[in-house]
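Residue numbers (my numbering): 147 to 442. Quick reminder that beta carbons are idealized off the backbone N, C-alpha and C, glycines included. Structure record follows, encoded as structure tokens.
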Amino acid sequence: YVLVLSGDHVYKMDYGRMLAFHVHKQADLTAACVEVPLADAGSFGVMAVDEQERIVSFAEKPAQPQPDPGRPGVALASMGVYVFNTEFLYEQMTRDADDPRSSHDFGKDVIPYLVPRYRVYAHRFAESSVGVGPDGVPYWRDVGTVDAYWEANMELTKVVPELNLYDRDWPVWTHQEQLPPAKFVFDDEGRRGMAVDSLVSGGCIISGAVVRRSLLFSDVHVECCSLVEDSVILPNVRVGQNVVLKRVVLDRGCKIPERMEIGVDPDEDRKRYHVTAGGVTLVTPAMLGQPVFGIR
């Protein structure tokens, strides 16, 4: 079997349960699905199923999504998580690659072609999710846009976030470079190194600066008298003195010069950076005229 995963979704899932479902159904392909409000379903691949959970139709980002039978306000959206029989996957990838009419997209071409011809089943996320939120709904976020990515990160700064990174029963495994602990220096009035309602990773140094409701990835240095609020700072960033950052996503390796303000004046930011519909400012090294190479 081959497990195909989406790279821009955040969730906790026991793939073993989905694989067992796939084997039990003797499926050629099993697609994981999640229930979403019908009004939001047009942003996803939407499927309809029969009583046995076999997929009878699949449409990628339809203008008029079809509701889940018996639930008029809910649609079944594809999670971009699939289990294939290995030989079947190879055959279908070869067929699609040789089809000049195909755009070679899973949601637009491959899945719609397979649904009426093969044993294609839907596996509901609720049956294999690990843990649920306060409302009883499994945690799942599509972070395919800057706004969605920022919002998902901001949720982690809550006192009790829905996604528990400290869960020892189902830990989130990742590779982190071995770095010293985060360091906070200076304790003078107006020059106090501190972070509140924030996640600060290893290798970070907060030097007489204030960080609020933000996530700092590894090896981020924030210099004296700067303010970082409601922001996501990726690894290896350097923030100079007297800088103000509000609702900003800083890409890896950015070096912010002293006295720069980002996220304060959206009209000014649009001249140089990318400002989203939700008011989040994305900054990359290229936008700052800085090289992107040489970043460890």
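Beta-carbon contacts of residue i that lie in its chain and below 6 Å, excluding the five residues immediately before and after
i, result
"K329", "I351"
"L309", "Y285"
"L222", "C179, M193 and D214"
"I402", "V385, G386 and V389"
"P431", "G399, C400 and V438"
"P381", "F363, S364, D365 and R398"
"T422", "V292 and D293"
"E407", "V390"
Reference residue i, options the options, closest by Cα
i, options, result
"D334", "D288, S353 and P246", "S353"
"R338", "N388, V318 and T232", "N388"
"H321", "P262, S364 and A187", "S364"
"Y264", "A166, R200 and A185", "R200"
"M99", "R314, C370 and L311", "There is simply no residue 99 to check, as the chain begins at 147 and stops at 442 in what is shown."
"M300", "F332, V331, V342 and V261", "V342"
"V202", "V182, A177 and L311", "A177"
"Q198", "F167, D242 and S275", "F167"
"S274", "P218, L165 and G409", "L165"
"E297", "S360, D313, V318 and S248", "S360"
"V195", "D411, R217, V276 and V278", "R217"
"L443", "E404, R405 and V374", "Outside the modelled stretch of the chain, which goes from 147 to 442, sits residue 443, for which no answer is possible."
"F230", "E181, V278 and L175", "L175"
"R314", "V256, V182 and G277", "G277"
"H443", "P246, V256 and Y161", "Residue 443 lies beyond the range of the chain shown here (147 to 442); nothing can be said about it."
"E181", "R163, G153 and G219", "G219"
"I379", "S248, R247 and Y295", "Y295"
Cβ-based burial, residue i [other Cβ within 10 Å; buried from 16]
i, result
"V357", "buried"
"G424", "exposed"
"P215", "exposed"
"D281", "exposed"
"G226", "buried"
"Q238", "buried"
"V331", "exposed"
"V318", "exposed"
Contact belief for residue i with residue j at Cβ below 8 Å, rounded distance in angstroms
i, j, result
"K207", "S189", "6 Å"
"S344", "T303", "6 Å"
"V148", "L235", "5 Å"
"M159", "F271", "7 Å"
"S372", "A355", "4 Å"
"A187", "Y267", "Not a contact, Cβ separation roughly 20 Å."
"T427", "D415", "5 Å"
"V114", "V394", "Outside the shown range of the chain, which is 147 to 442, sits residue 114, and nothing can be said about it."
"D242", "H250", "6 Å"
"L396", "V383", "5 Å"
"H97", "V289", "Because the chain here runs from 147 to 442, residue 97 falls outside it and cannot be looked at."
"L311", "G349", "Actually they are not in contact, since the Cβ atoms of L311 and G349 sit about 18 Å apart, beyond 8 Å."
"Y111", "V150", "With the chain covering only 147 through 442, there is no way to say anything about residue 111."
Spatial neighbours of residue i in its chain, beta-carbon cut-off 8 Å, leaving aside the 5 residues before and after
i, result
"P258", "F204, A205 and E206"
"K443", "Because residue 443 is not part of the residues shown, which for the chain are 147 to 442, the question remains open."
"Y157", "M225, F271, S275, P284, Y285, W286 and R287"
"R405", "G386, Q387, N388 and V389"
"T232", "Y147 and V148"
"M433", "R418, Y419 and H420"
"L260", "D174, L175, Q238 and V266"
Spatial neighbours of residue i in its chain, beta-carbon cut-off 7 Å, leaving aside the 5 residues before and after
i, result
"E323", "S364"
"A209", "G188"
"P211", "L184, A187, G188, V192 and A221"
"R163", "E273 and S274"
**Request:** Would you mind listing the beta strand (DSSP E) stretches within the stretch 292 to 319 that are 3+ residues and don't spill past its ends, in chain order?
**Result:** none
**Request:** Let me know the beta strand (DSSP E) ranges lying completely inside the stretch 165 to 238, each 3 residues or longer, listed in chain order.
**Result:** 175 to 183, 191 to 195, 201 to 206 and 220 to 230
**Request:** Mind listing, in chain order, the continuous beta strand (DSSP E) runs of no fewer than 3 residues lying wholly within the stretch 344 to 421?
**Result:** Segments of the beta strand (DSSP E) lying fully in the stretch 344 to 421: 351 to 353, 356 to 358, 373 to 375, 390 to 392 and 394 to 396.
**Request:** Go through the stretch 242 to 276 residue by residue and report every complete run of the alpha helix (DSSP H) that reaches 4 residues or more, in order.
**Result:** 257 to 260
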